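For the sequence shown, counting from 1, position 13 maps to 13 in UniProt numbering; every step adds exactly one. For each residue, glycine too, the CB sits at the ideal point set by N, CA and C. Remember, predicted model here, so these are calculated numbers, not experimental data.
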Amino acid sequence: MWSSVRESLQGAAGALAEVSADVASEATRLTVVAANHAGRLAERTRLYAQVTAKQQRIALIKQSWGSDSYDAMDAGDIATVATNFHRAKAEIQRVEEEIEAKLIEIAALDAAPAQSAETAVQQLPSSYSVDAWPGGGAAEARIQEAVPAMPVVTAVPGVMIGTAVSAIPEALPRALPARAKPEEGVAESSEDEGGV
């Protein structure tokens with residue numbers, strides 16, 4: 001009798017260890033997916049910042065050309081104006097090529113296959129079946145009912161309240177919940193009952 005109990009406990013422990021290993025493996029995979037997604041977002045943000053800096057560099061080149069050429073143009077020295085223009089134009093073309101390279105990198109990041117966390121969470125490890133759990137597939141259904149899907153979060157524009165801008169999401173209640181009625185048999189305390 002004790003040997004059969006011990007064998008069933010060992011079998012349960014082995015199954016539990018296998019499921020735990022699968023869960024740990026899946027958690028690791030999901031962490032890698034999330035880290036990859038965050039890394040791509042960070043890289044994309046960095047590239048857009050570099051594009052913006054290069055666009056500002058073009059504006060500075062044009063401003064510099066204007067200030068360098070103004071006095072020469074006023075004096076009628078068209079050769080100096082043309083020299084400044086060709087130098088500025090060559091530098092602007094070089095910066096525009098750098099911008100184009102950054103935009104190509106951004107497009108490559110956007111085109112990279114990305115597995116979202118939503119689709120990754122729905123996948124189960126292949127080494128065990130939900131039907132083998134106590135309650136079978138019904139257990140999974142109960143878990144799905146107990147854990148509702150997260151709503152899609154979108155940015156809500158700021159709302160002017162008095163003198164401060166507040167970004168209150170639309171999903172929050174507009175009023176405080178109604179005060180719960182006291183339970184029967186429990187008296188509400190009041191100050192006019194002679195209390196301290």
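Counting along the chain, Ala75 sits inside no alpha helix (DSSP H), nor does DSSP assign it H or E at all.
Ile104 is not a Cβ neighbour of Gln55, given a cutoff of 8 Å. Ile106 is positioned such that its CB atom lies no closer than 8 Å to that of Leu30. Residue state for Ala17 is assigned as helix, using DSSP reduced to three classes.
Taken atom to atom, the span from the alpha-carbon of Arg94 to that of Ala38 is near 31 Å.
If you ignore the 5 residues before and after Gln50, its C-beta comes within less than 6 Å of the C-beta of Lys102, all in its own chain and listed in chain order. Between the alpha carbons of Ile92 and Val81 lies a gap of roughly 16 Å. The alpha-carbon of Ala111 is positioned some 21 Å away from that of Glu97. Taking a C-beta distance under 8 Å as the contact criterion, Ser64 and Phe85 do not qualify as a contact pair. By the criterion of a C-beta distance shorter than 6 Å, Ala88 is surrounded in its chain by Ile61 and Trp65, once the five residues flanking it on both sides are discounted. The three-state secondary structure of Ala112, taken from DSSP, is coil.
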